[in-house]
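In what follows, a structure is listed as structure tokens, so that the remarks can point back to it.
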Amino acid sequence: MWYRVFGSSEVEPSPAALAAHLIACGLAVEPHFKGDDLGWTEGELRLPVGSPVLLARYLAKEDDLRDDLNAHAAELETMDYSPNSGPLMGRVIQTKQLVTLRKPVAAADEVLLDKVLEAATRFLAAATDGVYQIDGRGWFTATGDLLVQEY
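Residue numbers (this note's numbering): 933 to 1083.
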């Protein structure tokens, strides 16, 4: 399952601030990030047990994201049952950075894993002035309010 953050800001979300936020939420993770001169590009949030949450960060100016962003916008276009689908299409098309989080298939502690994913996704959405999408669940504001339900 994928969690995706569509950021409107070009400001790099701090891996240290993300880790501190998760720890402050009572979620024990060991962060490992790597990157280049443009900031972090990938990372892992290692949990006390089980597989890590994998993160990747893409920049619209540097990475070839246009096809991916257009595909997400086209999917939103089909969700015309929600009044939020149109405005979200615009936000997705204007995305400056995309952060993906991959939920491991086999989790030793599913409850902990879901809490880490939710807290990390909300933090990253807030840090990038973005919205987020969770496969099979929908599109959300940075505070977790549902914008568009996925069916």
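Cβ coordinates follow ideal geometry from the N, Cα and C atoms, glycine included.
Only a predicted model underlies this, so the values are computations on that prediction, with no experimental measurement involved.
{"Asked": "7 Å Cβ cutoff met for alanine 1089 and glutamate 974", "Found": "In the structure as shown, the chain starts at 933 and stops at 1083, and residue 1089 therefore has no counterpart that could be examined."}
{"Asked": "Alpha-carbon spacing of tryptophan 1071 relative to alanine 1005, whole angstroms", "Found": "12 Å"}
{"Asked": "Expected contact under 8 Å - CB spacing of serine 1017 and valine 1080 to nearest Å", "Found": "6 Å"}
{"Asked": "Proximity of valine 1031 and valine 961 at Cβ, strictly below 7 Å", "Found": "no"}
{"Asked": "7 Å Cβ shell around phenylalanine 1055 - same chain, five flanking residues per side excluded", "Found": "Leu950 and His953"}
{"Asked": "Three or more C-beta pairs below 8 Å linking the stretch 1063-1078 and the stretch 985-1003", "Found": "no"}
{"Asked": "Cα-Cα separation between methionine 1011 and glutamate 1082, rounded to whole angstroms", "Found": "8 Å"}
{"Asked": "Near the ligand MG: alanine 1052 beta-carbon under 6 Å from a heavy atom", "Found": "Only the bare structure without any ligand can be found here, which leaves the ligand MG out of the picture."}
{"Asked": "Simplified DSSP assignment, three categories, for leucine 1045", "Found": "helix"}
{"Asked": "Tyrosine 935 classed as buried or exposed, judged by whether at least 16 other C-beta atoms fall within 10 angstroms", "Found": "buried"}
{"Asked": "Burial state of valine 1043 (16 or more Cβ within 10 Å)", "Found": "exposed"}
{"Asked": "Length-filtered (4 minimum) alpha helix (DSSP H) runs lying within the stretch 951-1015", "Found": "998-1009"}
{"Asked": "Cα-Cα separation, glutamine 1026 to serine 940", "Found": "7 Å"}
{"Asked": "Start-to-end residues for the alpha helix (DSSP H) that takes in valine 1031", "Found": "Element bounds for valine 1031: not the alpha helix (DSSP H) but the beta strand (DSSP E), 1029-1034."}
{"Asked": "Length of the line joining the Cα atoms of leucine 1045 and methionine 933", "Found": "12 Å"}
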